[in-house]
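Participant: Supplied in structure tokens, the structure appears directly below.
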Amino acid sequence: MKPSMRNPLKRARGMGSSQFGVGHWWQQRVTAVALVVLVLWLVYTLLGLVHADYATAHAVMARPFNAVLLIAFSMAVFWHAALGLQVVIEDYVHTRWKEVLLLVLIKFAAVLGVLASVLAVLRIALAS
Numbered sequence: 063m064k065p066s067m068r069n070p071l072k073r074a075r076g077m078g079s080s081q082f083g084v085g086h087w088w089q090q091r092v093t094a095v096a097l098v099v100l101v102l103w104l105v106y107t108l109l110g111l112v113h114a115d116y117a118t119a120h121a122v123m124a125r126p127f128n129a130v131l132l133i134a135f136s137m138a139v140f141w142h143a144a145l146g147l148q149v150v151i152e153d154y155v156h157t158r159w160k161e162v163l164l165l166v167l168i169k170f171a172a173v174l175g176v177l178a179s180v181l182a183v184l185r186i187a188l189a190s
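So the sequence shown is residues 63 to 190, counted in the numbering used here.
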């Protein structure tokens, strides 16, 4: 066997899971931290509306600051869920076509969920 003059790092680049694994890991952590902050805000806001009537709750959620945070919350939830389900599918589904089909369905469902959530928040915010 002829010895290679190529650097071992050069041979390893672009191979294996090292291409996207760290980025995926960071995305999961960033969305998790964002969700902690957004869930605390949402719980605080909803606890303030415990004895409020519909009009008051509608007015509170229609405020621009709250509407933007609701949109951010829905985006973070669906993004984080899609990332987590992707890891589960990649780890436990071993038939390639089933894995690809499930990954596509999850992405599609996440996009639909975000679009529906954003539409609902915008209807609340713009109807006031």
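In this text, a Cβ means the ideal position worked out from N, Cα and C, and glycines have one as well.
What are the uninterrupted segments assigned as alpha helix (DSSP H) that are 4 or more residues long and contained completely in the stretch 102–162, given in chain order?
Facilitator: Correct list: 116–124, 126–154.
Participant: Report all residues from its chain with a CB closer than 8 Å to the CB of residue 136; omit the five preceding and five following residues, and keep chain order.
Facilitator: Result list for residue 136: 175, 176, 179, 180, 183, in chain order.
Participant: Identify, in the order they occur along the chain, each residue of the same chain with its Cβ nearer than 8 Å to the Cβ of residue 146, setting aside the five sequence neighbours on each side.
Facilitator: Excluding residues within five positions, the ones whose Cβ falls inside 8 Å are 90.
Participant: Would you call residue 140 buried or exposed, if buried means 16 or more other Cβ atoms sit within 10 Å of its Cβ?
Facilitator: Buried.
Participant: With 16 other CB atoms within 10 Å as the buried threshold, where does residue 157 fall?
Facilitator: Exposed, by the Cβ-count rule.
Participant: For a test of the three-state rule: what should DSSP assign to residue 187, helix, strand or coil?
Facilitator: Looking at residue 187 - three-state DSSP - the assignment turns out to be helix.
Participant: On the criterion of 16 or more Cβ atoms from any shown chain inside 10 Å, does residue 144 qualify as buried, or is it exposed?
Facilitator: Answer is buried; the Cβ neighbour count reaches 16.
Participant: Out of curiosity, what's the CA-to-CA distance linking residue 97 and residue 103?
Facilitator: Whole-angstrom Cα-Cα distance: 10 Å.
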